[in-house]
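Only one structure is covered here, and it is reproduced in the block below.
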Amino acid sequence: MQIVLLLTALTLLPAVVMSVTPFLRIVVVLHFLRQALGTQSTPSNQVLIGMALFLTILIMQPVAMEMYHKGWEPLEANRLSTAQAFDQGTQPLKTFLTRFAREKDIRLFVEVSKTPPPRSPADVDLRVLIPAYILSELKAGFQIGAVLFLPFLVIDLVVASVTLSIGMIQLPPVMISAPFKILLFVLVDGWSLVMSSLMKSFYV
């Protein structure tokens, strides 16, 4: 039975990584950052996904270890049935998801699924909690991405105004502003700032 459960978990792993971890927020923010810098495909998608994946592993490690100790270890020792192990093992995950899923989104999916309103956050069903968490993470990712865009947008506007005022209409302003945006990002140690901010947003 344990082997079947393990194989099933491995099959569902990509969907789980996308749905119930910080991966979604991180990868959305990194894509917004790349667009704001105007570097097109640099860093590549593979690099961004790799960065998002390893940050996700680092953030989720305590949750995964708690799930292992509460669910898998008792199941392996035959102290719990499969259903009991699942219930106990998913409690740390539910706690994590509840911390970052907005109450408004949880209410939305409770109404859509026509399930009874939960009496407490611990009673929220995973079928409701997971889509609510995804929606909340998308909103958080877009909010952070919009904030990242603003300083680079200012540079674009300034460069566009200067090029128009001196009559350089043939040269695209984006081509001129790109080196300035990259230089600014490097000077302020942008990668470290973005990564540390993303990490800290999950440790509040």
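Under numbering that gives the first Met the number 0, the sequence shown has 20 at position 21, and the numbering climbs by one with no breaks.
Glycine is no exception: its CB is placed at the ideal position from the N, C-alpha and C atoms.
Close Cβ partners of residue i (< 6 Å) along its chain, the five nearest in sequence each way excluded
i	result
T20	T55 and M59
R33	none
G140	R24, V27 and V28
G70	A84, Q87 and G88
Reference residue i, options the options, closest by Cα
i	options	result
Q45	V26, A35 and G37	V26
F108	V127, Q90, T97 and T94	V127
H68	F53, S80 and A84	A84
Q142	T38, P13, L52 and L197	L197
I154	F99, L183, G49 and F201	L183
S200	R24, M17, P13 and A14	R24
E102	I129, L163, P13 and Q87	I129
G189	Q169, S164 and F151	F151
T38	P178, P73 and M194	P178
V193	S40, T10 and L47	L47
Y202	L57, S80 and L137	L57
Exposure of residue i, with buried meaning 16 or more beta-carbon neighbours within 10 Å
i	result
Y132	buried
V161	exposed
F53	exposed
L186	exposed
D122	exposed
K93	buried
I105	buried
K180	buried
L147	buried
P116	exposed
Whole-angstrom C-beta distance between residue j and residue i, which should lie under 8 Å
i	j	result
T89	L125	7 Å
L36	A51	With a Cβ gap of about 17 Å, L36 and A51 do not count as contacting.
S135	A82	That belief does not hold up - the Cβ atoms of S135 and A82 are roughly 28 Å apart, past 8 Å.
F95	V62	5 Å
F31	G166	F31 to G166, Cβ: 33 Å. No contact.
E65	P91	4 Å
Same chain, Cβ closer than 8 Å to residue i, neighbours up to 5 away in sequence not counted
i	result
N77	none
Close-in-space but distant-in-sequence residues of the same chain around residue i (CB under 7 Å, 5 per side omitted)
i	result
L17	It is Met, not Leu, that sits at residue 17 in the sequence shown. Same-chain partners within the cutoff: L23.
S112	R126 and V127
Subject >> Entirely enclosed alpha helix (DSSP H) segments - the region 120-181, minimum 4 residues >> reply: 125-164
Subject >> Whole alpha helix (DSSP H) elements within the region 54-99, 4-residue minimum >> reply: 72-75, 81-88 and 90-99
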